[in-house]
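Protein chains: 2
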Amino acid sequence: MPKLGSCNVFLRATFGIDPGAEIGRQLGELATQVQVMRGQEVQTDPADTTLVFLASGATKLGAQASRERHQIVAFHFGGDIFTVPAVSMHRYMLIGLCESTLTTFPARQFYDRAASNPWIMRALLERSQTALFRCRDKAVNLGQKSAGERVAGFLLAMWERLDASEGPSPMIDLPMSRGDIGESLGLKIETVSRQFTKLREAGIIDTHGRSGVSLLDLPRLAEQAGYYDRNTVPPRPEWVERKPELVP
Amino acid sequence: MPKLGSCNVFLRATFGIDPGAEIGRQLGELATQVQVMRGQEVQTDPADTTLVFLASGATKLGAQASRERHQIVAFHFGGDIFTVPAVSMHRYMLIGLCESTLTTFPARQFYDRAASNPWIMRALLERSQTALFRCRDKAVNLGQKSAGERVAGFLLAMWERLDASEGPSPMIDLPMSRGDIGESLGLKIETVSRQFTKLREAGIIDTHGRSGVSLLDLPRLAEQAGYYDRNTVPPRPEWVERKPELVP
DNA sequence: CGCAGATTTGATCGTCCTCAATTTATGTGG
DNA sequence: CCACATAAATTGAGGACGATCAAATCTGCG
Numbered sequence: 005m006p007k008l009g010s011c012n013v014f015l016r017a018t019f020g021i022d023p024g025a026e027i028g029r030q031l032g033e034l035a036t037q038v039q040v041m042r043g044q045e046v047q048t049d050p051a052d053t054t055l056v057f058l059a060s061g062a063t064k065l066g067a068q069a070s071r072e073r074h075q076i077v078a079f080h081f082g083g084d085i086f087t088v089p090a091v092s093m094h095r096y097m098l099i100g101l102c103e104s105t106l107t108t109f110p111a112r113q114f115y116d117r118a119a120s121n122p123w124i125m126r127a128l129l130e131r132s133q134t135a136l137f138r139c140r141d142k143a144v145n146l147g148q149k150s151a152g153e154r155v156a157g158f159l160l161a162m163w164e165r166l167d168a169s170e171g172p173s174p175m176i177d178l179p180m181s182r183g184d185i186g187e188s189l190g191l192k193i194e195t196v197s198r199q200f201t202k203l204r205e206a207g208i209i210d211t212h213g214r215s216g217v218s219l220l221d222l223p224r225l226a227e228q229a230g231y232y233d234r235n236t237v238p239p240r241p242e243w244v245e246r247k248p249e250l251v252p
Numbered sequence: 005m006p007k008l009g010s011c012n013v014f015l016r017a018t019f020g021i022d023p024g025a026e027i028g029r030q031l032g033e034l035a036t037q038v039q040v041m042r043g044q045e046v047q048t049d050p051a052d053t054t055l056v057f058l059a060s061g062a063t064k065l066g067a068q069a070s071r072e073r074h075q076i077v078a079f080h081f082g083g084d085i086f087t088v089p090a091v092s093m094h095r096y097m098l099i100g101l102c103e104s105t106l107t108t109f110p111a112r113q114f115y116d117r118a119a120s121n122p123w124i125m126r127a128l129l130e131r132s133q134t135a136l137f138r139c140r141d142k143a144v145n146l147g148q149k150s151a152g153e154r155v156a157g158f159l160l161a162m163w164e165r166l167d168a169s170e171g172p173s174p175m176i177d178l179p180m181s182r183g184d185i186g187e188s189l190g191l192k193i194e195t196v197s198r199q200f201t202k203l204r205e206a207g208i209i210d211t212h213g214r215s216g217v218s219l220l221d222l223p224r225l226a227e228q229a230g231y232y233d234r235n236t237v238p239p240r241p242e243w244v245e246r247k248p249e250l251v252p
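Note that the protein sequences, when read in sequence, are chains A and B.
Going by the working numbering, the first sequence opens with residue 5, and the numbers climb by one from there.
Going by the working numbering, the second sequence opens with residue 5, and the numbers climb by one from there.
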């Protein structure tokens with residue numbers, strides 16, 4: 005196994021480029037292989053955006069709002085590609101949820117070298133937009149939803165992103181603590197716990213130890229999450245006027 | 005003035021390409037010129053992401069969490085480039101805050117045609133990341149900050165993005181209503197109003213009519229927003245272990 | 001088996017929401 | 001130019017949800 009194994013996997017799987025190719029070599033030069041354990045921070049450049057490929061494991065990207073307040077902005081799992089912003093309004097930290105292997109690149113230099121390759125740029129753009137759309141959904145949840153809706157929505161999101169056991173009541177293994185969940189949802193740990201209890205008492209989920217969650221009733225869980233039924237037409241608020249005018 | 009004037013301005017100003025060039029012509033074919041008045045919705049494709057260039061005016065991008073709950077995810081001003089996502093978890097709507105002129109493109113097709121041009125792809129990627137970083141900051145605010153901090157932070161953000169009169173106490177002209185501000189900050193209109201009153205009584209701001217705001221004391225406003233002083237080193241929470249291990 | 005940390009549960013408090021009533025701003029017609 | 005109409009913004013009182021503080025219980029691991 006070559007020493008930049010993880011990077012090569014990344015380049016091949018994500019962009020379909022041969023690591024032996026010139027562009028692969030050039031990008032590989034920028035790579036830093038990092039391994040972190042649970043709770044450890046991945047060092048990123050405070051002055052520039054860092055591009056990260058998470059080969060295996062799971063991480064959380066958190067921001068410090070002030071000394072005692074932290075917001076988890078995103079969770080990442082094996083295969084994810086994302087960026088850690090430079091310090092600006094808030095300070096961001098990338099921290100392992102479990103033992104994780106990742107490859108980091110200085111974003112600016114990576115883009116400079118990859119610019120000539122349409123495939124890579126296209127892939128990066130789409131990934132960036134995925135992250136943006138997910139973040140916007142998070143903003144909607146944080147701004148408009150109750151504690152119960154947020155927790156139910158969180159479980160559904162994890163069910164979609166984590167490997168769940170098959171069957172009518174799939175089981176997932178949460179790699180993050182209740183505290184992490186709270187910091188992600190803008191809730192305190194006690195509130196998260198109480199919502200878990202409510203869902204358990206309602207027969208919608210069951211918990212096994214600290215990390216195991218059985219989703220006993222997915223339809224009802226989705227209902228608790230407060231989303232529209234995606235099969236119904238989303239109603240349009242009456243206060244929006246509908247007269248788009250195409251300029252001749 | 006050619007009929008795609010706004011589009012040409014967009015292509016030249018943003019990507020530095022000559023609209024007469026082949027690529028300019030190809031992209032111009034995809035453009036739709038739209039003009040909206042205050043409160044009108046810009047029609048976007050529910051099935052695909054729409055790329056939007058806002059030539060002049062101001063808009064809000066809102067999401068419906070449910071019939072009675074809306075979250076404004078971003079405000080845009082003249083010169084901004086952004087995307088309106090297809091319907092997924094939530095339904096997004098782009099609405100004019102005042103009379104606005106904009107050019108829309110089907111994102112997928114635009115990317116297909118622009119892929120061969122590294123400059124354009126690079127510019128799109130950077131804009132997308134800017135939007136992502138701004139959205140993450142919004143998530144931090146929504147998840148962790150009090151009503152007072154959110155309103156103060158909002159005023160600072162608008163001061164940076166809008167044209168403010170010069171001088172020690174700059175004045176800005178908000179194009180959005182108190183209701184819009186509330187929907188953006190995850191607060192009710194009454195709460196926003198009360199926070200404005202508090203800031204006014206503290207001598208930090210002054211209001212003129214519905215839209216005028218004088219920022220009388222920027223340092224104290226920043227203090228109210230609850231950000232770190234950017235000149236101090238952001239403290240590191242003690243629960244984060246710092247032993248990143250570089251793989252040999 | 002025992003320990004440390006994570007989670008759950010309980011009681012109380014504070015912030016923001018809700019509902020309702022005024023007051024103020026804007027723009028339209030006299 | 002002013003009076004009026006309408007919508008927006010402000011103010012007030014009361015209530016609900018989630019935070020806070022405190023204690024008990026459970027989990028996973030040595």
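Virtual Cβ for every residue (Gly too), placed ideally from N, Cα, C.
{"query": "Give the straight-line distance between the Cα atoms of arginine 204/A and arginine 198/A, rounded to the nearest whole angstrom.", "result": "10 Å"}
{"query": "Taking the alpha helix (DSSP H) that threonine 105/B falls in, what are its first and last residues?", "result": "Per DSSP, threonine 105/B belongs to no alpha helix (DSSP H); it is in the beta strand (DSSP E), 104-110."}
{"query": "Could you pull the start and end residues of the beta strand (DSSP E) that threonine 63/A belongs to?", "result": "62-70"}
{"query": "With a threshold of 8 Å between beta-carbons, can lysine 192/A be considered close to chain B, or not?", "result": "no"}
{"query": "Please classify proline 179/A as buried or exposed, where buried requires at least 16 other C-beta atoms within 10 Å of its C-beta.", "result": "buried"}
{"query": "Can you name the start and end residues of the alpha helix (DSSP H) that methionine 162/B belongs to?", "result": "151-165"}
{"query": "Am I right that serine 60/B and glutamine 37/B are in contact with their C-beta atoms under 8 Å? What's the rounded C-beta distance?", "result": "No, serine 60/B and glutamine 37/B are not in contact; Cβ-Cβ is about 12 Å, not under 8 Å."}
{"query": "My assumption, with CB atoms under 8 Å, is that leucine 166/B sits in contact with phenylalanine 81/B. Please give the rounded CB distance.", "result": "7 Å"}
{"query": "Any C-beta of chain B sitting closer than 8 Å to the C-beta of serine 132/A?", "result": "yes"}
{"query": "Residues in its own chain within less than 6 Å of leucine 191/A by CB, not counting five upstream and five downstream?", "result": "Ala151"}
{"query": "Check whether the Cβ of lysine 247/A lies closer than 8 Å to any Cβ atom in chain B.", "result": "Its pLDDT being 42, under 50, lysine 247/A is placed unreliably by the model, and the measurement read from it follows with that caveat. For lysine 247/A, the answer is yes, since a Cβ of chain B falls inside 8 Å of its Cβ."}
{"query": "Assuming leucine 58/B and leucine 106/B form a contact by the criterion Cβ under 8 Å, report the distance between their Cβ atoms to the nearest whole angstrom.", "result": "5 Å"}
{"query": "At the 8 Å Cβ level, is lysine 142/B part of the contact set with chain A, yes or no?", "result": "yes"}
{"query": "For lysine 64/A, go through chain B and note every residue whose CB falls closer than 9 Å to its CB, in chain order.", "result": "Neighbours of lysine 64/A on chain B: none; closest Cβ ~11 Å, over 9 Å."}
{"query": "Would you list the one or two residues that DSSP bridges to leucine 101/B?", "result": "Note: leucine 101/B sits in no beta bridge, so no partner."}
{"query": "Measure the beta-carbon distance from valine 77/B to valine 56/B and round it to whole angstroms, keeping in mind my assumption that it falls under 8 Å.", "result": "Not really, about 13 Å apart at Cβ, beyond 8 Å."}
{"query": "Please state the DSSP three-state secondary structure of serine 120/A.", "result": "coil"}
{"query": "Out of Arg214/B, Ser215/B, Ile208/B and Gly216/B, which has the shortest C-alpha to C-alpha gap to leucine 222/B?", "result": "Ile208/B"}
{"query": "Output the distance between the C-alpha atoms of glutamine 47/A and alanine 226/B, rounded to the nearest integer angstrom.", "result": "29 Å"}
{"query": "I'd like to know whether the C-beta atoms of alanine 111/B and histidine 94/B end up nearer to each other than 8 Å.", "result": "no"}
{"query": "Counting only beta-carbon atoms, is isoleucine 58/B nearer than 8 Å to chain A?", "result": "The sequence given here places leucine at residue 58/B; isoleucine does not occur at that position. False, the Cβ-Cβ gap to chain A never drops below 8 Å."}
{"query": "State yes or no: is the beta carbon of methionine 162/B nearer than 8 Å to at least one beta carbon in chain A?", "result": "no"}
{"query": "How many angstroms separate the CA atom of proline 122/A from the CA atom of leucine 31/A?", "result": "15 Å"}
{"query": "Determine, using beta carbons only, whether leucine 65/A and tyrosine 115/A come nearer to each other than 8 Å.", "result": "no"}
{"query": "Taking 8 Å as the threshold (beta carbon to beta carbon), is glycine 230/A in contact with chain B?", "result": "yes"}
{"query": "For the alpha helix (DSSP H) that serine 197/B lies in, which residues bound it at each end?", "result": "193-205"}
{"query": "Relative to the C-alpha of arginine 42/A, which candidate in Glu26/A, Thr63/A and Pro172/A has its C-alpha closest?", "result": "Thr63/A"}
{"query": "To the nearest angstrom, report how far apart glutamine 44/B and isoleucine 99/B are at their CA atoms.", "result": "5 Å"}
{"query": "Give the straight-line distance between the Cα atoms of aspartate 52/A and glutamine 39/A, rounded to the nearest whole angstrom.", "result": "21 Å"}
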